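Each residue of the sequence shown is one higher than the one before, counting from 40 in this note's numbering.
Ideal placement from N, C-alpha and C gives every residue a C-beta, glycine not left out.
Computed from a predicted structure; not experimentally measured.
First the structure, in the form of structure tokens, and then the observations on it.
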Amino acid sequence: MTFSFLEVQKMLQDITIGPAPHVVYRTIGGILDLYFFPGPSPEDVVRQYLAFVGTPMLPAYWALGFQLGSRGYKSWKDLESVVSETRKAGIPLDVPFADLEYMSKEEDFTMASGWEGFPSYVEQLHNESLHFIAVLQPAVQADGDPFKRGLQENASFVEWETNQAVQRSIQNLYPLANKTKIMLGVLRTDKHVAYPDFTTAETKSWWVKELADFHKTINYDGLWIVRNEPSSLETNEDQPRYWYSLEHTNITSLHCPVNGSSAKYDIPPYQTQNVYHYDAKTYLASMTLCMSAMTKQGRMYDVKNLYGLQQTIATNSAVQKITKKRGVLITRSSYPSGGRYAGHSLGNNFAAWEDMATSVIAIQEFNMFGIPYIGADICGYAHDTAEELCLRWQQLGAFYTLSRNRNDGKSIPQHPTKWFSVARATAAANLFRYSLLPYLYTLMFEASCDGATVIRPLFFEFPNDDAAHQNDFQFMWGPAILIAPVLAEGTKLVYAYLPRNATWYSLRDDFGVKAQSGFSFFSAPLDRLPPVFLRGGYIIPRQRGGQTTAATRQRPFQLVIAVENSKSFGKLIWDDGESIVENFDQHDYVELHFNFTMNDTASQLILSLVKSASSLTVPNITSASILG
40 MTFSFLEVQK
50 MLQDITIGPA
60 PHVVYRTIGG
70 ILDLYFFPGP
80 SPEDVVRQYL
90 AFVGTPMLPA
100 YWALGFQLGS
110 RGYKSWKDLE
120 SVVSETRKAG
130 IPLDVPFADL
140 EYMSKEEDFT
150 MASGWEGFPS
160 YVEQLHNESL
170 HFIAVLQPAV
180 QADGDPFKRG
190 LQENASFVEW
200 ETNQAVQRSI
210 QNLYPLANKT
220 KIMLGVLRTD
230 KHVAYPDFTT
240 AETKSWWVKE
250 LADFHKTINY
260 DGLWIVRNEP
270 SSLETNEDQP
280 RYWYSLEHTN
290 ITSLHCPVNG
300 SSAKYDIPPY
310 QTQNVYHYDA
320 KTYLASMTLC
330 MSAMTKQGRM
340 YDVKNLYGLQ
350 QTIATNSAVQ
360 KITKKRGVLI
370 TRSSYPSGGR
380 YAGHSLGNNF
390 AAWEDMATSV
400 IAIQEFNMFG
410 IPYIGADICG
420 YAHDTAEELC
430 LRWQQLGAFY
440 TLSRNRNDGK
450 SIPQHPTKWF
460 SVARATAAAN
470 LFRYSLLPYL
480 YTLMFEASCD
490 GATVIRPLFF
500 EFPNDDAAHQ
510 NDFQFMWGPA
520 ILIAPVLAEG
530 TKLVYAYLPR
540 NATWYSLRDD
550 FGVKAQSGFS
560 FFSAPLDRLP
570 PVFLRGGYII
580 PRQRGGQTTA
590 ATRQRPFQLV
600 IAVENSKSFG
610 KLIWDDGESI
620 VENFDQHDYV
630 ELHFNFTMND
640 TASQLILSLV
650 KSASSLTVPN
660 ITSASILG
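In structure tokens:
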């Protein structure tokens, strides 16, 4: 039997797993709300949790395509060159994205020198059936036009508690903020920033207008929000590390009260283990805003963990209102119920085999959290990657729901065409991914409609299998597909576990070969996909992979029927891939069920139209492969 608790607590806390089967929980205040989800199966637990916090958003179909970008581009021509190389190499690609460099000194809603032609290039991408995601930060420059307009429209910003607490050495530099209590931190290269308080209607209205005006400048299809924890660099540091960066000038860092009555918020009796792990001389506010800061909803000490969620809610609504389409939103900061509004990027990882392996655990965990649109930066964000590592990561990343290659711009370039072997492996992996998108999209649709995981641990499907419970580094797409990635350098054979009470068939180039259940070695040379298996008893729809999701969607469907006990079942859910879903009962989509049975003399495949669509063209089903 499986069950779980949801502990809702907005304040600072530590949760430590002990060596014996116990958990040590510490919190420094607030109200502790506990919710119990009885199961009895693991998937039941997730469904019950999602019924409580809300089911996850459904991303646009194109957002399931491959995404590519990097820090460090000097102009849009750098991005254009990488995109051109990628497409010439036959690597399926849907979303080039622009990182912070497209902005003028990292200021939201601006365009940097060298990027003036970027809006026209984005229109060219649209003409080629590609899409564009822009990055944004929550904070706005304290002498910039967006901040000025925000003040004029009565938008709220995070503030100091009193006028006496205001850090005048910073405040006096900015006439717009000089007579306010607005707290100014550091994100930009040479100016301080103000942090919108997304809890007020006036702030949300101003934010929508800024995003709408920006959309007129550059026709983005989705947004990616970073640093919305919120971040403020080197808080309380007298000699912040950014002084030694060529990107930053020597502007003063934010300093929080560490003496007096307000010091109790940044130096409570227990500061959590993170403070001590970070640096013995730091405080709770290190790398963020002061805990004594105020929002309209309360003190940052009490509500900091909600900041990213509040911005996500406001931005999700804005993107759909502006584009009139579903689009997609990706956020760095998350909180329970955040999956209703956005997917999640796993953060700035390292180009290391260990980081690639731990991403397998993370994508399973976030599906349990109700955020199925999830992925790590393929090939690693920081430090120089290696050819073999990048190749294996591209193969694994083809099975993230958010499949994106990105690095910090300081390390060596790592786009797939950097190495011939990686380009070839990425093309094969992405084509394989694109062929399975009808099945993946069906899973995403079901998760959004009814509440479910998309990527799930083996024990979700095999709860009575002890070996499945011990397996952290394999995972499943829904109930039908099992992936056993290569996670160690020099590996040519994968030692994988296929649950024993099921039948398994290979989906790789040895398509249809029945695999032995239990523990076995499987071939995994560099030029071959990692082991991928289809579970008996299931039917999956697929299409021949194209260079974009738009091209792939036009191709006929093929059914792969994996037989167990002389029968199989599957389904396909299909819509236009971009219309906003306000109500699933009224949404225009097709749901088709497949039932296959066979005996000694005959086989029968029955297609049942569960839901029809009034204005939707669905490709034909032209072939079926029967395994078993």
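**Asked** Buried or exposed: W282, going by 16 or more other Cβ atoms within 10 Å of its Cβ?
**Response** Residue 282 sits at position 243 when you count from the first residue of the sequence shown. The residue in question, W282, is exposed, as its Cβ has fewer than 16 Cβ neighbours within 10 Å.
**Distance between A390 and A425 (C-alpha atoms, nearest Å)** = The residue given as residue 425 occupies position 386 in the sequence shown. The residue given as residue 390 occupies position 351 in the sequence shown. Straight-line Cα distance between these residues: approximately 8 Å.
**Item:** From A506, G529, Y317 and G129, residue whose alpha carbon lies closest to that of G557
**Value:** What you label residue 557 is simply residue 518 of the sequence shown in a count that begins at 1. Considering only alpha carbons, the answer is A506.
**Request:** Since I believe T440 is in contact with P131 (beta carbons under 8 Å), could you give me their beta-carbon distance rounded to a whole number of angstroms?
**Result:** Taking the sequence shown and counting its residues from 1, one reaches residue 131 at position 92. Taking the sequence shown and counting its residues from 1, one reaches residue 440 at position 401. In fact, because the Cβ distance is near 16 Å, the residues do not count as touching under 8 Å.
**Proximity winner among P60, F91 and F484, relative to E46 (alpha-carbon distances)** = Position 7 of the sequence shown, counting from 1, holds the residue named residue 46. Taking only the C-alpha atoms, the option nearest E46 is F91.
**Message:** Count Cβ pairs between the stretch 400 to 408 and the stretch 373 to 386 that sit closer than 8 Å; are there 3 or more?
**Reply:** For the pair of segments examined, the stretch 400 to 408 was found to touch the stretch 373 to 386: the number of CB pairs separated by less than 8 Å reaches three.
**Item:** Integer-rounded CB distance, given that T66 should sit under 8 Å from A52
**Value:** In the sequence shown, residue 52 corresponds to position 13, counting from 1. In the sequence shown, residue 66 corresponds to position 27, counting from 1. According to the sequence provided, residue 52 is Gln. The question's Ala does not apply to it. Yes, they are in contact, since the Cβ atoms of Q52 and T66 sit about 4 Å apart, within 8 Å.
**Prompt:** In whole angstroms, what separates the C-alpha of W543 from that of E500?
**Reply:** As a first step, residue 543 must be located in the sequence shown, where it is residue number 504. As a first step, residue 500 must be located in the sequence shown, where it is residue number 461. Going by the C-alpha atoms only, they are around 14 Å apart.
**Prompt:** Among the residues of its own chain, which have a CB less than 8 Å from the CB of S208, if the five just before and after it don't count?
**Reply:** Taking the sequence shown and counting its residues from 1, one reaches residue 208 at position 169. Here the set comprises T291.
**Reference G448; option with closest CA among D72, L107 and F44** = Indexing the sequence shown from 1 puts residue 448 at position 409. Nearest C-alpha to G448: L107.
**Request:** Drop a sphere of 10 angstroms on the beta-carbon of A251, count the other beta-carbons inside from all chains shown, and report buried for 16 or more, exposed for fewer.
**Result:** In the sequence shown, the residue the question calls residue 251 occupies position 212. Counting Cβ neighbours within 10 Å, A251 comes out exposed, since fewer than 16 surround it.
**Prompt:** Terminal residues of the continuous alpha helix (DSSP H) containing H316?
**Reply:** For the purposes of this step, residue 316 is identified with residue 277 of the sequence shown, where counting begins at 1. Secondary structure note for H316: its alpha helix (DSSP H) is the uninterrupted segment Q312 to Y317.
**Asked** Within 10 angstroms of its Cβ, does V297 collect 16 or more other Cβ (buried), or is it exposed?
**Response** Here residue 297 refers to the residue found at position 258 when the sequence shown is read from its first residue. Under this definition V297 is an exposed residue.
**Three-state class that DSSP yields for S653 in the structure shown** = Working through the sequence shown from its first residue, we reach residue 653 at position 614. The answer is coil: DSSP assigns S653 none of H, G, I, E or B.
**Request:** With a threshold of 16 other CB atoms inside 10 Å of the CB of K243, please say whether the residue is buried or exposed.
**Result:** Residue numbering aside, residue 243 sits at position 204 when the sequence shown is read from its first letter. Under a 10 Å Cβ-count criterion, K243 is classified as buried, with 16 or more other Cβ atoms of the shown protein chains found around its own Cβ.
**Request:** Counting only the same chain and skipping the five closest in sequence on each side, list residues whose C-beta sits under 6 Å from that of L89.
**Result:** Indexing the sequence shown from 1 puts residue 89 at position 50. Here the set comprises G409 and G490.
**Prompt:** In angstroms, rounded to a whole number, what distance separates the CA positions of N217 and Q210?
**Reply:** In the sequence shown, the residue the question calls residue 217 occupies position 178. In the sequence shown, the residue the question calls residue 210 occupies position 171. Looking at the two C-alpha atoms, the distance is approximately 5 Å.
**Asked** What first and last residue would you give for the beta strand (DSSP E) that runs through Y478?
**Response** Taking the sequence shown and counting its residues from 1, one reaches residue 478 at position 439. Looking at the DSSP string, Y478 is not in any beta strand (DSSP E); the run it does join, the alpha helix (DSSP H), is L476 to D489.
**Asked** Can you give, in chain order, each stretch of the beta strand (DSSP E) that sits fully within the stretch 238 to 324 and has at least 3 residues?
**Response** Given a length threshold of 3 residues, each whole run of the beta strand (DSSP E) inside the stretch 238 to 324 is given here in chain order: 261 to 264.
**3-residue-minimum beta strand (DSSP E) runs that sit fully inside the stretch 212 to 236, ordered along the chain** = Note on the stretch 212 to 236: whole beta strand (DSSP E) runs with a minimum of 3 residues are 223 to 225 and 231 to 233, in chain order.
**Asked** If you pair each beta-carbon of the stretch 473 to 481 with each one of the stretch 574 to 593, do three or more pairs fall below 8 Å?
**Response** yes
**Request:** Could you say which of L646, L631, G609 and A652 lies nearest to D624 if we only look at CA atoms?
**Result:** Residue 624 sits at position 585 when you count from the first residue of the sequence shown. Of the listed residues, the one whose Cα sits closest to D624 is A652.
**Prompt:** So what's F408 in DSSP terms, helix, strand or just coil?
**Reply:** Counted from its first residue, the sequence shown places residue 408 at position 369. Of the three classes helix, strand and coil, the one that applies to F408 here is coil, per DSSP.
**Prompt:** Which residues in the same chain as C429 place their Cβ atom closer than 6 Å to its Cβ, once the five residues preceding and following it in sequence are excluded?
**Reply:** As a first step, residue 429 is located in the sequence shown; it is residue number 390 there, counting from the start. The beta carbon of C429 sits closer than 6 Å to those of C418, Q453 and V461, all from its chain and outside the five residues before and after it, given in chain order.
**Request:** Round the Cβ separation of V571 and I522 to the nearest angstrom and send it over; I've been treating them as touching at under 8 Å.
**Result:** The residue you call residue 571 lines up with position 532 of the sequence shown. The residue you call residue 522 lines up with position 483 of the sequence shown. Contact holds; Cβ gap of about 5 Å.
**Message:** By alpha-carbon positions, which one of L164, A173, S662 and G575 ends up nearest to E145?
**Reply:** Counting from 1 along the sequence shown, the entry for residue 145 is found at position 106. When only C-alpha atoms are compared, the closest one is A173.
**Request:** Evaluate contact between the stretch 251 to 267 and the stretch 157 to 165, counting only Cβ atoms and requiring at least three cross-stretch pairs below 8 Å.
**Result:** Yes, the stretch 251 to 267 touches the stretch 157 to 165.
**Message:** Only counting the same chain, and skipping five residues up and downstream in sequence, which positions put a Cβ closer than 7 Å to that of P135?
**Reply:** Your numbering for residue 135 matches position 96 in the sequence shown. Around P135: L107, G108, L118, V122, L164, L169 and F171.
**Message:** Please report the straight-line C-alpha distance between P235 and S647, rounded to a whole angstrom.
**Reply:** The residue labelled residue 235 in the question sits at position 196 within the sequence shown. The residue labelled residue 647 in the question sits at position 608 within the sequence shown. So the two alpha carbons sit approximately 51 Å from each other.
**Prompt:** What are the start and end residues of the alpha helix (DSSP H) that includes Y340?
**Reply:** Position 301 of the sequence shown holds residue 340. Looking at the DSSP string, the run of the alpha helix (DSSP H) that includes Y340 is M339 to V342.
**Request:** Leaving out five residues on either side along the sequence, give the residues of the same chain with a beta carbon under 8 Å from the beta carbon of W115.
**Result:** One-based indexing of the sequence shown puts residue 115 at position 76. Taken in chain order, the residues that qualify are A137, Y141, G153, W154, G156, F157 and Y160.
**Request:** Report all residues from its chain with a CB closer than 6 Å to the CB of F237; omit the five preceding and five following residues, and keep chain order.
**Result:** The residue you call residue 237 lines up with position 198 of the sequence shown. Correct list, in chain order: Q349, Q350 and A353.
**Request:** Reducing DSSP to helix, strand and coil, say where D505 ends up.
**Result:** Counted from its first residue, the sequence shown places residue 505 at position 466. In this structure, DSSP gives D505 a helical state, which the three-state scheme calls helix.
**Request:** Identify, in the order they occur along the chain, each residue of the same chain with its Cβ nearer than 7 Å to the Cβ of F186, setting aside the five sequence neighbours on each side.
**Result:** If you number the sequence shown from 1, residue 186 lands on position 147. Here the set comprises V179, Q180, L215 and A233.
**Asked** Which residue's Cα is closest to the Cα of F596: E603, S607, P177 and L611?
**Response** By 1-based counting over the sequence shown, the position of residue 596 is 557. The shortest C-alpha separation from F596 is found at L611.
**Prompt:** For L470, which three-state DSSP category applies?
**Reply:** Taking the sequence shown and counting its residues from 1, one reaches residue 470 at position 431. Under the three-state reduction of DSSP, L470 is assigned to helix.
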